[in-house]
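Undergrad: Here it is, the structure in full.
Numbering (this note's numbering), first residue to last: 193 to 346.
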């Protein structure tokens, strides 16, 4: 078990199976020393646990928790490509898409769920640049979607 997975266990979490693609793409792709993940929805056992717009049907706090699920799914996608999360040198960038009610403007707070999880699991290697973008709708009516870019070393 990698140090990152031990840390997940300490947090009461386990790395899930990779979420199967919903269309014509790969969950993660490696090029050189970088792994790019596809956008990860907050899928848990094959479904999205909450749907709708943040600030309407979904609270900001619930969306923040779902962003952490997205980050966990992104780590699973990275592991599927490199075999071991301890090969992560650092998380370079996180991009979060938040399906937002028209008057909702707290997208950065929602994306903190993903950022905080990556920091808790990877320590300094989890510190990253990021963008939090409000959007009208996401696949499966998910409230949040997260993609990450990580640098890895064999």
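Beta carbons are placed, not taken as given, at the ideal position from N, Cα and C, and that holds for glycine.
Cα separation between residue 250 and residue 313?
TA: Walking along the chain shown from the start, residue 250 turns up at place 58. Walking along the chain shown from the start, residue 313 turns up at place 121. About 26 Å.
Undergrad: Just curious, the alpha helix (DSSP H) that residue 260 is in, first and last residue?
TA: Numbered from 1 along the chain shown, position 68 holds the residue referred to as residue 260. Unbroken alpha helix (DSSP H) run through residue 260: 252-274.
Undergrad: Given residue 259, which residues of its chain have a CB within under 7 Å of its CB, disregarding the five upstream and five downstream residues?
TA: Position 67 of the chain shown, counted from the first residue, corresponds to residue 259. Result list for residue 259: 288, 302, 303, 305, 306, 336, 338, in chain order.
Undergrad: What whole-angstrom Cβ distance do residue 286 and residue 322 have, given they're in contact under 8 Å?
TA: In the chain shown, the residue the question calls residue 286 occupies position 94. In the chain shown, the residue the question calls residue 322 occupies position 130. Indeed they touch by this definition, with Cβ atoms about 4 Å apart.
Undergrad: Express the C-alpha separation of residue 294 and residue 245 in angstroms, rounding to a whole number.
TA: Within the chain shown, numbered from 1, the residue matching residue 245 stands at position 53. Within the chain shown, numbered from 1, the residue matching residue 294 stands at position 102. Computed Cα separation, rounded: 9 Å.
Undergrad: Using the rule of at least 16 other Cβ atoms within 10 Å of the residue's Cβ for burial, across every protein chain shown, is residue 225 buried or exposed?
TA: The count along the chain shown starts at 1 and reaches residue 225 at position 33. Classification of residue 225: exposed, given that the 10 Å Cβ count is below 16.
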